[in-house]
Amino acid sequence: MAATLKPFQETVCTGIVARLDNVRELYARLSQADPDRLQEARRNDAALVLQAPTGAGKTLVAVEAMRRVSAKELVLWFWFAPFTGLVEQSRRVIAAQAPELSLFDLVSDRQPDAVRGGGVFVVTWASLAARSAESRRARQTGDAGLAIDTLIAQAREQGLRIGCVVDEAHHGFQRAAQARAFFTDVLQPDYALLMTATPRDADMAAFERATGYNVGEPADWASVSRADAVDAGLLKRGVRIVRFIARDGDTAQLVDFEHLALRECAAMHRRIQGELRAQGVALTPLMLVQVPDGRAAQEEARRHLVEELGFDAAAVRVHTADEPDPDLLSLADDPTVEVLVFKMAVALGFDAPRAFTLAALRGARDVDFGVQVIGRIVRRHSLLQSRTALPPLLDNGYVFLANSESQAGLLQAGEQINTLTTQAPELGTQTVVTVVGDASRLQVVRSGEPLSLLVADGRISIVDTSGSDATRQDLDSDAQATSALSQSPFASLAGATQALLQMAGGEATMDTAADSLLSAFALAGESSYRYPRRADAPASLRGEKLPPVPADFEAGIAAHVNFSAEVLNERTRRRVQVQRIEGGLFDGQDGVAEDGQDIWATMSPEAVAERAEQIRLRLPDANDRELYARLLERFVAAVEESGADVPDDEEARMQQLDLVLVRRPSLLRDAYRSMRRDHVQDIDVPLPAELHSDLRLRPANRALYGVFPPGMNGDELAIAEQLDSSPLVRWWHRNTPQRGLGLYRWDDGAGFYPDFVVCIEGRPGSGIALLEPKGEHLWGKDSEVDKSAAVHPEHGRVFMVGRKRGERAFVFLRELGGKLQSDGAFSIDRLRFG
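Those letters in the sequence shown? Residues -6 to 827, by this note's numbering.
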C-alpha cells in the first residue's frame, strides 16, 4: 500500500517534479536541434541533488517523484543502490509506493519489448560498471538479452527518456573509473536525482568534475530539515554523545577505552530495555557495536560482551561481510538479536530502526563517520512513531565513543545536518535557448549571475537575466563590443590581461652575482687561523666520565630495584578514574554527566605492556630481553618474600610486573642511577693550547681564545656577548659537547655538557660557574628539566637561562611544576653566588 507523504515530503517531492517538468519542456524545444545541443542541455540541467538526514524519507520522496514523472512521459529508470544488500529493500519500497512502475530484472528483462513502456532497473554500480563477471554478462548481448548499453540506446530510439536515481550519491561510483565512464558515456541520463545524507559541497563538485553534469549551487538543491522529520515522528529528537576523558595524558594512553565504552553502552541499553517494558512497547532494542576492520577486533568485542557483560551468546551477532547484504539487514530486524557487532567499513546505508545505542570503538574522526553513526541510531521505530510524548530516554539515540577525538567528526556532522532546511529545488533551467541566424544556440545562465556573454559566428551578445525576463543585446562591431564590455562585469577580463602583460618586464643580469661568487672563492682560499688560549686560564677543567657497562649490567640493574611493600601493592591496581562527559549533538552543548562523578575504568594490559617496554628501552646500553628476564626473577622473589600469592600463570606475572613499572615509572631509572653513580669517575679535561679555524673569527675581549667561536645559535651568541662585555667576567669558554667538561651523576647515564664555562670575579672557590641557555621550546621537555638539577662537585649547580620567543631579555630558569619557569631577570652578578 502506497504511503501518504508527510507535508514536508510533499513540498520537496512537488518541487522535484516541477523542476524535472521544466527540463522536459527544454528537451521539447530542442527536439529538432543538433544532437550536440541536446547533450549540452542534458549536462547543464539533468542532474538534481536531494539531501536529507537518514530516516527523513529520501527513498519515499524519490520513488514518488519517479512515479509522477513517469505518468507524464515514458522513462526507463535505473535506481543505483550503494550495496547489493539494499537492492531488494529498494525494490520493496518501489513496488509498494509505485505499483504502476514495472520492476525489471537485470538478468531476464534486457529486451526492447520488455522495457517499451518504461519502468525501473534496481541495480548497483558493481553490477553494471565493474570488472566482475556479473557486470560483464550485463554488458554483453547473449541468450539472456541485449547488452545493457544496446538496450539503453534502443530505448532512446523508441522515444524513452533515460532517468537514474543514485542512492548515497557521495559514495561509491565517483571513486570507480568504470562507473564514471558508464554514467557519462552509456547512461547519459536525461534525469538524474542524486540522493545523499552527507551534505558536502565537495562531493557534488567531485561529481561535476567526474561526469560533466552540472548540479548547481546548494541553494538550488532539494533538501529536508531534521526538525521537520523530528516533528513528523520519523526521527528521535536528539543524539547524546558520551565520551571519556582521562585525568592526564599519560593515563589516557593506558585506559581500556574500548571495554569502558562497551560497559557504559550496555548499561544504557538495559535502561532503555526497562523503559520500553514500562511503556508497554513490545520492542527489543538493538545495541550496535562498531569496530575497526579485522576479525580479531570483532571477536574480542563479542567475547567481552558475552563473558564480561553477561549477554546471551545467541543474542550477540557478528557481521563479517565486506558490505551490507541481506544477512546484515535481517540481523538488524531480528528481535532475538540484542547486539550487532559490525565493521567500520559497512557502516553505510543499512537501516536499524530498533537501534538506540552505539558503541564506536576507536572510530574515524571525519564528518562522514559522524553522519553514518548518527544515521544508524536516529530513526524512530514504527511502534514509536505515532506516540506524541515519549520519555526523553526513548526519544534520543546514544553514542559511546572509545576515542573521544571522534567527537569532532560527530559535532561537525551535527552542524551540517542542522544547517539543512526543507526546500524545493530551484525551478527553471540553467539553459537559455537563443537563435542566431537559423541555428539554435545554448547559453548557460548560472544562479546569481545577472549577465551572460554569448559568442556565436563571430558575433557577441550580452544576455541580462537579472530581471523577470531575459534581455539580449547584440553587438555588431568591435567598437560596440569594446564600449559595452567596458561597462559590464566582463570589463575585468581586459584588466586581468593587462596586469599579466605588465608583469613580463625587466631583464636580469649576472654581474653582481658573479662578483659575489668570486669574492667568496677568494675568501675560501685563505689559510687557517690560529687563536692561542689565554695565559691566565687553566690548562684543564675538572669533569666526569662514565666507563663502559660491566658484563653483568642487566643483573646489576635488577638487583638495585627497590621492590618495597609499597611498590608491590601497585601490581594489582588496574583501575583508574576517568571523567564521563555527556553532551547533546544537535544543541551545541557539552556537559558533565548527570551524576557529575568520575567513573572507574580498567587499564589495557596491551597498553601497559607497551608502556613498560618504553620505560625499559630508555635505559642506555641495556639488553631489553635480558633485563626483562632478570627483573621478572627479582619481582617474583620479592612477591614471595612479602608473603603474597604469586600467580601460577607466567602471563599474569608479567602483567603484574608491567603494571608496577608503569605505576612507578622512576623505579628503573632510580635503580640505574644507584648502580651507575658508583661507576662515575672524576677526570681532567684538557683545554687545547690554541683554537684553529679556516675562517677569520670575530674578536672577543674575554673569551678563552680571544674570539667568538663559530656554530652558536642566536641565544648562545647573545649570552656570549653579555659575558664578553661584563667587567665581572675574567674569561669565558664555549664548552665542547662530548670532548669538553661533562656531567654524568645528574641522570641515568646521559652526559650533560653545559654550553658555557665562566670564570667570575668574586665567586668562591675556583671562581668557575657553569651556564646553559635553553630555548623556550625546550622548557617543558623532561630531559631538559632534569638537567636543571645537575650539580658539579666543585663548581656547583648549573645555571639555566632563557628568553621567550620574540623577547630580548633573558631570565634565570628553575624547575617548577615539571617545567622550566622564570626565576628572575638574568644578570652576570648573580653568577657569583650559588
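Heads up, the beta-carbon is just placed ideally off N, CA and C, and yes, glycines get one too.
With 16 other CB atoms within 10 Å as the buried threshold, where does residue i fall?
i: N616; result: exposed
i: A345; result: buried
i: G368; result: buried
i: I238; result: exposed
i: D431; result: Since pLDDT at D431 reaches only 49, below the 50 mark, its modelled position is unreliable, and no value is offered.
i: K780; result: buried
i: E644; result: exposed
i: L394; result: buried
i: R566; result: exposed
i: V448; result: In this prediction, V448 scores a pLDDT of 45, lower than 50, which makes its location untrustworthy; the coordinate-derived value is nonetheless stated afterwards. So V448 ends up on the exposed side.
i: L333; result: buried
i: E210; result: exposed
i: S597; result: buried
i: I152; result: As written in the sequence, residue 152 is Gly, which differs from the Ile given in the question. Counting Cβ neighbours within 10 Å, G152 comes out exposed, since fewer than 16 surround it.
i: E777; result: buried
Please report the Cβ distance between residue i and residue j, rounded to the nearest whole angstrom; I am assuming they are in contact, meaning their Cβ atoms lie under 8 Å.
i: L387; j: I234; result: Incorrect: roughly 18 Å between the Cβ atoms, too far for contact.
i: P75; j: E161; result: 4 Å
i: L716; j: V750; result: About 10 Å; that fails the 8 Å criterion.
i: F73; j: C157; result: 6 Å
i: G817; j: F805; result: 5 Å
i: F335; j: P278; result: Not quite, the Cβ-Cβ distance comes to about 17 Å (not below 8 Å), so this is no contact.
i: A294; j: L255; result: 7 Å
i: I141; j: L69; result: Not a contact, Cβ separation roughly 11 Å.
i: G231; j: Q378; result: Contact flag wrong, Cβ pair sits at about 16 Å.
i: T415; j: D224; result: That belief does not hold up - the Cβ atoms of T415 and D224 are roughly 11 Å apart, past 8 Å.
i: A11; j: L420; result: 6 Å
i: L697; j: I753; result: No, L697 and I753 are not in contact; Cβ-Cβ is about 14 Å, not under 8 Å.
Whose C-beta lies closer than 8 Å to the C-beta of residue i among residues of the same chain, with five residues either side of it excluded?
i: Q570; result: R240, D591, I592, W593, A594
i: Y522; result: H685, S686, D687, L688, R689, L690
i: R831; result: Outside the displayed range of the chain (-6 to 827) lies residue 831, so it cannot be described from this structure.
Taking the alpha helix (DSSP H) that residue i falls in, what are its first and last residues?
i: M59; result: 51 to 63
i: T412; result: 400 to 412
i: T7; result: 0 to 22
i: D224; result: 219 to 224
i: Q649; result: 643 to 656
i: S776; result: 775 to 780
i: Q147; result: 141 to 150
i: R288; result: 288 to 296
i: Y665; result: 660 to 670
i: F792; result: Looking at the DSSP string, F792 is not in any alpha helix (DSSP H); the run it does join, the beta strand (DSSP E), is 792 to 795.
i: F628; result: 617 to 634
In this structure, what does DSSP give as the bridge partners for residue i?
i: F71; result: F114, C157
i: C752; result: W724, I761
i: W593; result: Q570
i: I676; result: G536
i: Q715; result: In the DSSP output, where bridge partners are listed per residue, Q715 has none listed.
i: E808; result: L813
i: Y737; result: Its beta-bridge partners do not exist; DSSP assigns none.
i: N706; result: Paired residues: none, contrary to the question.
i: E683; result: P525
i: Q416; result: S216
Using C-beta distances below 7 Å, list every residue in its chain close to residue i, excluding the 5 sequence neighbours before and after it, in chain order.
i: S759; result: E787, H788
i: T143; result: T134
i: V678; result: S533, L534, G536, G733, L734
i: A40; result: A185, L187, Y206, N207, V208
i: C6; result: L(-2), V54, E57, A58
i: P766; result: D708, E709, I712, D748, V794, G795
From what residue to what residue does the beta strand (DSSP E) around residue i run?
i: Q570; result: 568 to 577
i: R233; result: 231 to 239
i: P598; result: From DSSP, P598 is part of no beta strand (DSSP E) but of the alpha helix (DSSP H) over 598 to 610.
i: R310; result: 309 to 311
i: G549; result: Element bounds for G549: not the beta strand (DSSP E) but the alpha helix (DSSP H), 546 to 553.
i: G390; result: 389 to 394
i: A185; result: 184 to 189
Give me, in chain order, the residues of the same chain whose beta-carbon lies closer than 6 Å to that of residue i; leave out the 5 immediate sequence neighbours on both sides.
i: V80; result: A74, V115
i: L269; result: L276
i: F803; result: V794, R796, F819
i: A551; result: R623, L624, R627
Any C-beta of chain D sitting closer than 8 Å to the C-beta of residue i?
i: E683; result: No chain D appears in the structure shown, which is made up of a single protein chain.
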